[in-house]
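First to last, the protein sequences are chains A and B.
Numbering-wise (UniProt numbering), the first sequence opens with residue 1 and increments by one.
Numbering-wise (UniProt numbering), the second sequence opens with residue 1 and increments by one.
Here the structure comes first, spelled out in structure tokens, and everything after it is commentary.
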Amino acid sequence: MAQQTTAARAQLQTERARPAQRTKAIHGQRRAFWLFIGPFLIGLVVFVYFPIIWSAFLSFFDAQGTVTPTRFVGLGNYVTMLSDKAFVSSLVTFTAFAVLIVPTTFVLSLFLAVLVNRVRVARAFFRSVFFLPTACSYVVASLIWKLSIFNGVRFGMANTLLGWIGVEPISWLSSLDPPWYWLVIVTARLWLQAGFYMILFLAALQNINPELYEAAFVDGAKPGWQVFRHITLPLLRPTSISVLLLCLIAAYQAFDEFYNLLGAVEYARPPLVYLYQLALGSQQNFGLGSAGSLILAAIIAVVTVLQGKILGFGRPSD
Amino acid sequence: MMTPPANPSRRAVLGGALGLAAAGVLGACGSNKGTGATTGGSSGTKVSLSQWYHQYGEKGTQEAAKKYAAEYTGAGVQIQWIPGDYPAKLSSGLSSGNGPDAFESHLERSLVSSGQIVPLDDLIADVKDDYSEGDLAANSIDGKLYSIPMINDPQMIYYRKSLFEAKGIKPPQTVDDLIAAAKELSDKSVKGLFAGNDANNTGGGLFPAAIYATGGRLLTPEHKVGFDPAKVAEVLVKLRKLSADKSLLLGAPTDWWDPSAINQNLCAMQWIGMWAVPGMTTALGADDLGVFPFPAADGGKPAVISGGWSAFVSAKSKNVDAAKAFTKWLWVEKTDLQEDWSLSYGFHIPPRKSLAAKASKLQSGPAAESVKLNTEYGVQGNPNWTPAMNTALTDAVTRVIGKGADPEKELAGAVKKVTTELDKIFG
Chain A
1 MAQQTTAARA QLQTERARPA QRTKAIHGQR RAFWLFIGPF LIGLVVFVYF PIIWSAFLSF
61 FDAQGTVTPT RFVGLGNYVT MLSDKAFVSS LVTFTAFAVL IVPTTFVLSL FLAVLVNRVR
121 VARAFFRSVF FLPTACSYVV ASLIWKLSIF NGVRFGMANT LLGWIGVEPI SWLSSLDPPW
181 YWLVIVTARL WLQAGFYMIL FLAALQNINP ELYEAAFVDG AKPGWQVFRH ITLPLLRPTS
241 ISVLLLCLIA AYQAFDEFYN LLGAVEYARP PLVYLYQLAL GSQQNFGLGS AGSLILAAII
301 AVVTVLQGKI LGFGRPSD
Chain B
1 MMTPPANPSR RAVLGGALGL AAAGVLGACG SNKGTGATTG GSSGTKVSLS QWYHQYGEKG
61 TQEAAKKYAA EYTGAGVQIQ WIPGDYPAKL SSGLSSGNGP DAFESHLERS LVSSGQIVPL
121 DDLIADVKDD YSEGDLAANS IDGKLYSIPM INDPQMIYYR KSLFEAKGIK PPQTVDDLIA
181 AAKELSDKSV KGLFAGNDAN NTGGGLFPAA IYATGGRLLT PEHKVGFDPA KVAEVLVKLR
241 KLSADKSLLL GAPTDWWDPS AINQNLCAMQ WIGMWAVPGM TTALGADDLG VFPFPAADGG
301 KPAVISGGWS AFVSAKSKNV DAAKAFTKWL WVEKTDLQED WSLSYGFHIP PRKSLAAKAS
361 KLQSGPAAES VKLNTEYGVQ GNPNWTPAMN TALTDAVTRV IGKGADPEKE LAGAVKKVTT
421 ELDKIFG
């Protein structure tokens, strides 16, 4: 009996000790959490959130050549930006770019994914070949496009090919009639980003249950376009919507290829290039630049939400 | 004396490692700033200065800049050779306080109004008479000198005499002559004129020479718009014809400031600066290289753009006095180094009149002709012409030359915007 009582006491003490150990473990976990997350959180606050808040603050002030506000102008910077022909024109340039790049990227990456998915040999090789350009810098790709493939002299790669069929050299980057620079810009970005979206589609394609195709064939569906349209495409819907959203946001963020291929010319200057020129380039107008960047951020947010609503992003059925 | 524990705990090791990493990061930040740091040595502590240059194209210039810095004994001078968009990088550096102590640039009013540079009148007080009035004006704002002229770079049109002679063409006297010559000289392998890879839209190097050729200027001394939009509209419409005639070389691997295009026989004429004369004479021979200014527009006169670079001292430098002393030493006192910088790599006109007068390399051939044209027709930049004004005008010019927009309407819009900017500055 006494032995039983002693054992019971010992067990009781152990159980009493457990919450303390658990608490210690939780403290340890918390410490580890902050140890690993803390530096990144500090970086996020210092380099992302604080600049955004400061930029919002600056947008109500005159601040040229300094990031310290000098004179309160209220909504003046917003009015100036919205009535600025160059800024509005940059939004038009973006729209043209988005109209060109979003559908072409979608179609090309889906096509590549289907192609790679069907390959029976060396699938990893082809997947890598198409994905590799994603690792290339936009600046480097732009320079290759500008200096080697699409330079305007007779010995540029594209002009050499055209020369073989008797076509005169084309000034790819400065021709406005027709605007050949779009071909250069769009192909550069397609080369750089199609591989990434291809991987997303490929993952989605590999998640489709093969039994669905077998059932379709049993029901008389013809392989090829019919099966693709009625089985594959609907099952890729969540991925397709994500790809379209990501493509649109990436299109808004276009900077590197425009800046490196064309500089800051009036006819092909997307919003980020114009804002760079205004705020971080030689103008150094941080007040106006901040107002412009907040207007752009608002446009991106609204368009993304609208696109998500229209396409049904996040519906329960997805 | 403290001794380290024999068996440090994991926490102590981790803490030590983090401490070392932090020290490393802070150390890196310190050495990267290049301002205000001191360097130790056998001679004790010495001020360390950072001097920024844009990337010159002429071979040997970077080494020369480093050599000058090494010769200076008053401070340790680190040279930063900045490729790419130098004005943007410089602006960010100066605004953020992580910029140079001493640097080269072009004077703009915003540098003064935002307190980024210091006046340098005292540096040239003893030799002020040795600078031209034009140079002093281009480097002064509100009567104070903010930069010391380092080099003058006249820009005009250089051409292949042999190609002109083969077609019986004389150097153009009018804008119409230039257009006709460019068309006549163009064939499948050679284009008439290279003025920039986007000259068919922006005018390239021909802008703002086209404005000066009408007799106008960007701004008047009274801070008003200095050109007649109607006259400028006429020239812009003519420049559009160069593109329509397919007379322009476009999309070359390098742009108008590099002589590769004319040296490789891709064009018969090139808008470029005198800095390229040594490279062009080596490639083409001095006898085959001619030069003429941008021709006169109706009722105007020929124009040469008198560009150049000047030396500045950052107001945010922690060693303003040391940076001023170095700038004075290099760009005022050391005339032998100034002469070397102007004449040993590309050709530039030394701003000091005494040095220009004895610059023997500029006294013959295309260089001598360039100097003469610059004296006769050179127009210097106006420090009150801001980047915002420039964007407004170049956008209008692009819409006129590139898209065929109504020139008078576009120029009226640009003039309105420039006037608004002027009102903001001068009230």
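Glycine residues also receive a C-beta, built at the ideal position from the N, C-alpha and C atoms.
Keep in mind that this is a model prediction, so the values were computed, not measured.
With respect to chain B, the C-beta atom of residue 122 (chain A) has no partner C-beta closer than 7 Å. With a threshold of 7 Å between beta carbons, residue 87 (chain B) makes contact with chain A. Three or more Cβ pairs closer than 8 Å define a contact, and the segment 346-359 of chain B falls short of that threshold against the segment 74-83 of chain B. According to DSSP, residue 149 (chain B) shares a beta bridge with B:310.
Between the segment 49-67 of chain A and the segment 237-251 of chain A, the count of Cβ pairs shorter than 8 Å is below three; the stretches do not touch. Among the residues of the segment 243-275 of chain A, those with a Cβ less than 7 Å away from any Cβ of chain B are 265, 266, 267, in the order of the chain. A straight line joining the alpha-carbon of residue 252 (chain B) with that of residue 279 (chain B) spans about 18 Å.
DSSP places residue 64 (chain B) within a helical segment (H, G or I) once states are collapsed to three. DSSP assignment within the segment 358-387 of chain B yields the following whole beta strand (DSSP E) runs of 3 residues or more, N-terminal first: 378-380.
Burial is judged here by how many other beta carbons sit within 10 angstroms of a residue's own beta carbon; residue 283 (chain A) has at least 16 and is buried. Scanning its chain for C-beta atoms nearer than 7 Å, with the 5 sequence neighbours on each side dropped, one finds no residue around residue 423 (chain B). CA-CA distance, residue 37 (chain A) to residue 30 (chain A), rounds to 10 Å.
The beta carbon of residue 343 (chain B) sits closer than 8 Å to those of 350, 359, 361, 362, all from its chain and outside the five residues before and after it, given in chain order.
For residue 356 (chain B), not one C-beta of chain A is nearer than 7 Å to its own C-beta. At a Cβ-Cβ threshold of 7 Å, residue 102 (chain B) and residue 237 (chain B) do not count as neighbours. Taking a Cβ-Cβ cut-off of 7 Å, the neighbours of residue 202 (chain B) in chain A comprise 265, given in sequence order. Residues of chain B with a Cβ closer than 8 Å to the Cβ of residue 153 (chain A) are, in chain order, 249, 251, 252, 253, 266. Each residue's CA atom was taken as its position, placing residue 132 (chain B) and residue 352 (chain B) some 8 Å apart. Burial check for residue 329 (chain B): the Cβ neighbour count within 10 Å reaches 16 or more, so the residue is buried. The beta carbon of residue 163 (chain A) does not come within 7 Å of any beta carbon belonging to chain B, so the residue lies off that interface. If you keep only unbroken beta strand (DSSP E) runs of at least 3 residues inside the segment 245-303 of chain A, you get nothing at all. One finds nothing in chain A with a Cβ atom closer than 9 Å to the Cβ of residue 73 (chain B); even the nearest lies about 34 Å away.
In its chain, beyond the 5 residues on either side, 241, 244 have a beta carbon closer than 7 Å to the beta carbon of residue 311 (chain A). A Cβ-Cβ separation of about 3 Å places residue 113 (chain A) in contact with residue 201 (chain A) under the 8 Å criterion. For residue 174 (chain B), the three-state secondary structure derived from DSSP is strand. Listed along the chain, the chain B residues whose CB falls inside 9 Å of the CB of residue 67 (chain A) are 95, 96. Going by DSSP, residue 108 (chain B) is part of no beta strand (DSSP E) at all; its letter is neither H nor E.
A direct Cα-to-Cα measurement between residue 398 (chain B) and residue 153 (chain A) gives close to 22 Å. Contact between the segment 166-178 of chain A and the segment 265-277 of chain B is not established, with fewer than three Cβ pairs separated by less than 8 Å. With a threshold of 7 Å between beta carbons, residue 398 (chain B) makes contact with chain A.
Counting along the chain, the unbroken beta strand (DSSP E) around residue 76 (chain B) starts and ends at 76-82. The beta carbon of residue 245 (chain B) does not come within 7 Å of any beta carbon belonging to chain A, so the residue lies off that interface.
Separation of residue 301 (chain B) and residue 158 (chain B) (C-alpha to C-alpha, rounded to the nearest whole angstrom) is 18 Å. Apart from sequence neighbours up to five positions away, the residues of its chain that approach residue 62 (chain B) with a beta-carbon distance below 6 Å are 81, ordered along the chain.
Residues of chain A with a Cβ closer than 8 Å to the Cβ of residue 403 (chain B) are, in chain order, 176, 267.
Ranked by Cα distance from residue 109 (chain B), the first of B:98, B:146, B:79, B:96 is B:146.
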